[in-house]
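Some notes on the structure that comes next.
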Amino acid sequence: MPIIRMDVPEGLTRDQKAALRAKVHEAVAKTWANEHIYVAIREMFSEPGEGLVIATVDLRPGRGREEERGMALNALLAQALRETIGAQQDDLVLLIRETPKRGFIVQGERLRDLRLITPELEAVPAASS
Numbered sequence: 003m004p005i006i007r008m009d010v011p012e013g014l015t016r017d018q019k020a021a022l023r024a025k026v027h028e029a030v031a032k033t034w035a036n037e038h039i040y041v042a043i044r045e046m047f048s049e050p051g052e053g054l055v056i057a058t059v060d061l062r063p064g065r066g067r068e069e070e071r072g073m074a075l076n077a078l079l080a081q082a083l084r085e086t087i088g089a090q091q092d093d094l095v096l097l098i099r100e101t102p103k104r105g106f107i108v109q110g111e112r113l114r115d116l117r118l119i120t121p122e123l124e125a126v127p128a129a130s131s
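Taking our numbering, the leading residue of the sequence shown gets 3, the next gets one more, and so forth.
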């Protein structure tokens, strides 16, 4: 169950945020989990022209290939940001935090076994600026 909070610069349109949210959801589904993905896009204070985007991902450990999954997610998020708001790789800060299974309860229930929701990791192009 990945929870993704993406703080974006002020002034994005609702359409930009919606497009970005959809692409973030897709990126997580390709790299970490194919269900129970929760994405929040929110504006943060920024100076005019500042493109900083901070993405925080909370998820359960134990999928395997975590380093590769993190780098693949970074590349896909950078691509999503480039396509939706024109941000560059240098604008993205990604923080991945692991929380034990006991730390997640969704709709009053414990989560399904990771083996049932973890996608195979496909080759993802390297991020570029």
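Note that beta-carbon positions come from the ideal geometry of N, C-alpha and C, so glycine has one too.
In whole angstroms, give me the CA-to-CA distance for residue i and residue j.
i: residue 70; j: residue 103; result: 21 Å
i: residue 76; j: residue 109; result: 29 Å
i: residue 1; j: residue 14; result: The first residue shown for the chain is 3 and the last is 131, placing residue 1 beyond what the model contains.
i: residue 10; j: residue 85; result: 14 Å
i: residue 40; j: residue 7; result: 8 Å
i: residue 53; j: residue 18; result: 14 Å
With a Cβ-Cβ cutoff of 8 Å, do residue i and residue j count as a contact?
i: residue 25; j: residue 80; result: no
i: residue 3; j: residue 27; result: no
i: residue 36; j: residue 107; result: no
i: residue 113; j: residue 65; result: no
Just reading off the alpha helix (DSSP H) that residue i is part of, what are its end residues?
i: residue 3; result: Per DSSP, residue 3 belongs to no alpha helix (DSSP H) and is neither H nor E.
i: residue 69; result: 68 to 87
Can you tell me where the beta strand (DSSP E) holding residue i begins and where it ends?
i: residue 97; result: 94 to 100
Checklist entry - At what residue ranges does the stretch 21 to 58 contain a whole run of the beta strand (DSSP E), taking only runs of 3 or more? => result 40 to 46
Item to check | contact_flag[the stretch 39 to 51, the stretch 87 to 100] where n(CB pairs < 8 Å) is 3 or more | outcome: In short, these stretches do not touch, since the Cβ pair count stays below three.
Next on the checklist: Is it the case that the stretch 55 to 62 contacts the stretch 92 to 100, given that we only count it when at least three CB pairs across the two stretches are under 8 Å?
Outcome noted: yes
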